[in-house]
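**Q**
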Amino acid sequence: MKDIKCECGHLNPEGTILCEACGKPTENETSQEKLLDMKYEGSARRSQTYNKTIIDKIWNFFSSVKVGIWIIVLLLVSSAFGTIFPQVGYIPQNIPAEVYYEQEHGFAGKMYYTLGFHDLYGSWWYLLLIAALGISLVIASLDRFVPLYKALKTQKVTRHESFLKRQRVFGQTTVENTETELAKVKDGLKNRNYKIREENGNLLAEKNRFSRWGPYVNHIGLIIFLIGAMLRFFPGMYVDEVLWVREGETKLIPGTDGQYYMKSEGFVFETYDSDSSDEVFESAISRAGEGAIASNFQTNAVLYERKGDIVVGAEPELEKVKEHAVKVNKPLKHDSYAFYQVDYKLNEFSAMSFNVENKETQEVYGTIKVDLNEPEKKYDLGNGNSVELVSYFPDFILRDGEPDTKTRVPDNPAFVFRMITPETTEGEISLVAIRQNIEPNGTNINKMSFAGVETRNVSGLTVRKDHTLWILGLGGAIFMLGVIQGMYWNHRRVWVQTRGNEIWVAGHTNKNWFGLKGDINRALQETSISIPVDQVEQEQESKKEKAEE
């Protein structure tokens, strides 16, 4: 690429429309418009100059604002589709995702899973879209920022006459003493907080140039925010898991890589009652019913840490770290983790007892107790009597005529027992569920009769760890600074040049022309220089007058 040499002596990169130094239009400026296109100061952008290599084509593709907008649209549409069905983290964990979506939502669910919408924010193509948006922001910013910065840094005070005449705000006035008038204009612009540069009896007054960088500060903030969002998928940076722990149970905490365990020493559930409540809430309590509105629910938790390495099949050696009553908005915090009380389940079945008895004589051979969370395979009652647990369905349901379970939570437990006695050495099969006792192989001599149930309360805790929050906050803060920077200030420039006994005044701003014209009018109040005209408004008025004629 060859540089373009202007008559002022400045070398401009090929593709430049206006000389970066004096503003004279180059041969590339073929516009027939009366006013100059001042976008990026008419400087050459890389995407509009180079288009030969594969790198040029990639750069040009991502530098396009349209491409960036389409990437944002695709992200928004994808995110919307991701809300149609539950994400994989919110479906029953005992059923494989590929089975659940097709089973619950048919063909639509199957396609939802196949296309990766079930784990949208962790899918490779969604992360690729986020990365593409980041690349687009970086390239589009560099493609515009670098030439704009160079042009503003290189600009001279003395500008070519065609540059001044083709500014939107322009005026020329014949005066008796140019030096006196120029000094008055200079003082007027200084009073308006303009920075003044002088050259050969000409002035360049400029203020709020920093506002031009507002959009690029926005982009920096967005890029940092996107980096923070993508870091959430790196191990150890972000954890958002759910832990259900029963009273008396010690359970491995998900998302801690086997390092921490939690035990529930007990669950406390308290409610409002009409005697102790405020009068304001009495009517609400009476409508809901006594004891229906929770005033407090908490888990008396003990946090343990594993000592030593993980040995497969061996019981972990645990060391108590902390005790804490976990309440709503009062989490247990340790080592960047926070454990929040978010849910509970009262009186979940924990164990059931059954008697093995003769149906005719009602003689009881013994009683078994089934732990619903860790049931045994065989129960020995002595004297040749025993019970084998053939199948266990924690949440019993008949599916196509066959017994099955909806979840692994014992909400509606059912069992298939084999009862063995000296009289029935081959064993008798019995399916026992709540209020059901089915003998699939015919009439049995013995039966399993319900003898009792034990319940426990269950705590629902959210496990949180977030090392990306400060990055997201920093990105958001920088973005807002860019918004304020570009929204509440605007870059204003005023050129004042002497041409013989004439003074030319031209002005440009990236927005808020009313404010620029107000500054110029006030700066010229103490002078004999005519107020420059707004050529856009002048042309509109001229067209309006012709239309009226």
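Numbering (the working numbering), first residue to last: 774 to 1322.
Don't be surprised by glycine CBs; every beta carbon is placed ideally from N, CA and C.
Report the CB separation of Ala1074 from Leu1105 in whole angstroms; it is logged as a contact under 8 Å.
**A** 6 Å
**Q** If you check the beta carbons only, do Val1018 and Glu1121 fall under 9 Å apart?
**A** With respect to Glu1121, Val1018 sits apart: the two C-beta atoms are not nearer than 9 Å.
**Q** What beta strand (DSSP E) runs, 3 residues minimum, are completely inside the stretch 1238–1314?
**A** 1265–1272 and 1275–1282
**Q** Identify the continuous beta strand (DSSP E) that holds Thr887 and give its terminal residues.
**A** Counting along the chain, Thr887 falls outside any beta strand (DSSP E), though it belongs to the alpha helix (DSSP H) covering Ala870 to Thr887.
**Q** Less than 9 Å between the beta carbons of Val739 and Thr1072, yes or no?
**A** For residue 739 there is no data in the structure shown, the boundaries of the chain being 774 and 1322.
**Q** DSSP three-state call for Arg1191: helix, strand or coil?
**A** strand
**Q** With H, G and I counted as helix, E and B as strand and the rest as coil, what does DSSP make of Pro1148?
**A** coil
**Q** List in chain order: all unbroken beta strand (DSSP E) runs of 3+ residues lying wholly within the stretch 923–989.
**A** 942–947, 968–972 and 975–980
**Q** How long is the line joining the alpha carbons of Pro1213 and Asn1158, rounded to whole angstroms?
**A** 21 Å
**Q** In terms of residues, what are the limits of the beta strand (DSSP E) holding Lys1024?
**A** Thr1023 to Leu1025
**Q** Which residues does DSSP list as the beta-bridge partners of Phe1122?
**A** Thr1228
**Q** In the structure shown, what three-state DSSP assignment does Asn833 receive?
**A** Three-state result, Asn833: helix.
**Q** In three-state terms, what does DSSP make of Leu900?
**A** helix
**Q** Taking 9 Å as the cut-off, decide whether the C-beta atoms of Ile790 and Gly815 are in contact.
**A** yes
**Q** Could you tell me if Met1253 is buried or exposed, where buried requires 16 or more neighbouring beta carbons within 10 angstroms of its beta carbon?
**A** Met1253 is classed as exposed because its beta carbon has fewer than 16 other beta carbons within 10 Å across all chains shown.
**Q** Looking only at its chain, what residues have a beta carbon closer than 8 Å to the beta carbon of Asp1307, apart from the 5 residues adjacent to it on each side?
**A** Around Asp1307: Arg941, Val942, Trp1286 and Lys1290.
**Q** What's the C-alpha gap between Val840 and Tyr1117?
**A** Between Val840 and Tyr1117, the C-alpha separation is close to 47 Å.
**Q** Let me know if Pro920 comes out buried or exposed under the rule of 16 or more other beta-carbons within 10 Å of its beta-carbon.
**A** So Pro920 ends up on the buried side.
**Q** Taking DSSP as the reference, what is the three-state secondary structure of Asp892?
**A** helix
**Q** Please confirm if the stretch 1144–1158 is in contact with the stretch 1271–1286, defined as three or more CB-CB distances below 8 Å between the two stretches.
**A** In this structure the stretch 1144–1158 does not lie against the stretch 1271–1286, because fewer than three pairs of beta carbons, one per stretch, are closer than 8 Å.
**Q** Could you check if Arg970 is buried or exposed, using at least 16 other CB atoms within 10 Å of its CB as the buried criterion?
**A** exposed
**Q** How would you write the range of the beta strand (DSSP E) that Asn1106 sits in, first residue to last?
**A** Checking the sequence shown, residue 1106 turns out to be Lys, not Asn. Lys1106 -> beta strand (DSSP E) spans Leu1105 to His1107.
**Q** Which word fits Gly782, buried or exposed, when buried means at least 16 other C-beta atoms lie within 10 angstroms of its C-beta?
**A** With fewer than 16 other Cβ atoms within 10 Å, it is exposed.
**Q** Alpha carbon to alpha carbon, how far is Tyr1152 from Pro1089? Give it in angstroms, no decimals.
**A** 28 Å
**Q** For Glu954 and Ile1302, which I take to be in contact (beta-carbon distance under 8 Å), what is that distance rounded to the nearest angstrom?
**A** Cβ atoms of Glu954 and Ile1302 come within 8 Å of each other, at about 6 Å.
**Q** Counting Cβ pairs, one atom from each stretch, are 3 or more of them under 8 Å apart for the stretch 1224–1238 and the stretch 1014–1033?
**A** The stretch 1224–1238 is in contact with the stretch 1014–1033.
**Q** To the nearest angstrom, how far is it from the Cα of Ile908 to the Cα of Tyr813?
**A** The C-alpha of Tyr813 is placed about 21 Å away from the C-alpha of Ile908.
**Q** Give a single yes or no on whether Glu1088 has its beta carbon closer than 8 Å to a heavy atom of the ligand MG.
**A** Here there are no bound small molecules, and the ligand MG is not part of this structure.
**Q** Can you tell me the Cα-Cα spacing of Ile1083 and Phe890, whole angstroms?
**A** Taking the CA atoms as reference points, Ile1083 sits about 35 Å from Phe890.
**Q** With burial defined as no fewer than 16 other Cβ atoms inside 10 Å of the residue's Cβ, what is the status of Ile1293: buried or exposed?
**A** Buried, since its Cβ has 16 or more Cβ neighbours within 10 Å.
**Q** Can you look up Leu808 in the DSSP assignment and give me helix, strand or coil?
**A** coil
**Q** I need the boundaries of the beta strand (DSSP E) containing Ile1202, first residue and last residue.
**A** Taken as a continuous stretch (DSSP letters only), the beta strand (DSSP E) holding Ile1202 covers Glu1201 to Ala1206.
**Q** When you compare only the Cα positions, how much space is there between Arg1208 and Gly1155?
**A** 27 Å
**Q** So, does the stretch 986–998 touch the stretch 1243–1251, judging by three or more C-beta pairs under 8 Å?
**A** yes
**Q** Measuring only the C-alpha atoms, how far is Arg1079 from Glu1161?
**A** 36 Å
**Q** Hey, could you find the ends of the alpha helix (DSSP H) Val850 is sitting in?
**A** Val838 to Phe854
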